[in-house]
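**Q**
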Amino acid sequence: MSYTNGIGNLQQALSSIKPATTQPASQVTESTSTSQQRSTVAAPAKQADQTNLSSAGGMIAHALEGSDVRTDKVAALQKAIASGNYNVSSSDVAGKMIDSLLE
Numbered sequence: 001m002s003y004t005n006g007i008g009n010l011q012q013a014l015s016s017i018k019p020a021t022t023q024p025a026s027q028v029t030e031s032t033s034t035s036q037q038r039s040t041v042a043a044p045a046k047q048a049d050q051t052n053l054s055s056a057g058g059m060i061a062h063a064l065e066g067s068d069v070r071t072d073k074v075a076a077l078q079k080a081i082a083s084g085n086y087n088v089s090s091s092d093v094a095g096k097m098i099d100s101l102l103e
């Protein structure tokens, strides 16, 4: 039995994504507007930083918004526990604990 944190194979997806580039707006406009600033004296314009996300980053963000809880299974387990019909084999639990430690 394997336990994962979050969405299955998320670590593989994250490792294959190239980081998005960010660059302050002052650096972007510096090269294009340097000659214009030298010729005229004006108050500096307010500039905003820009960020570009890859499509894979958008997909991961969308996937993380959803819930990974299967409410139908949770409800069935809660009902079985409440009625006293939920039985767990101690040997199965012990075996799965040992398996997870050996992974």
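Okay, so the sequence shown: first residue is 1 according to UniProt numbering, each after it adds one. Ideal Cβ placement from N, Cα and C applies to all residues, glycine included.
In its own chain, which residues sit with a C-beta less than 7 angstroms from the C-beta of Lys46, not counting the 5 before and 5 after it?
**A** Stepping through the sequence shown from its first residue, residue 46 is reached at position 46. Correct list: empty, nothing qualifies.
**Q** May I ask you to check if the CB of Leu101 is nearer than 8 angstroms to at least one heavy atom of the ligand MG?
**A** Among the ligands in the structure shown, none appear at all, so the ligand MG cannot be discussed.
**Q** Just mark Ser2 as buried or exposed, buried being the case when its beta carbon has 16 or more other beta carbons within 10 Å.
**A** Along the sequence shown, read from residue 1 onward, the residue named residue 2 stands at position 2. Low confidence applies here, because Ser2 scores a pLDDT of 49, under 50, leaving its location unreliable and the question unanswered by this model.
**Q** Which value, in whole angstroms, describes the spacing of the CA atoms of Lys96 and Thr51?
**A** Position 96 of the sequence shown, counted from the first residue, corresponds to residue 96. Position 51 of the sequence shown, counted from the first residue, corresponds to residue 51. Their Cα atoms are separated by approximately 45 angstroms.
**Q** State the DSSP-derived secondary structure class of Gln50, mapped to helix, strand or coil.
**A** If you number the sequence shown from 1, residue 50 lands on position 50. Of the three classes helix, strand and coil, the one that applies to Gln50 here is strand, per DSSP.
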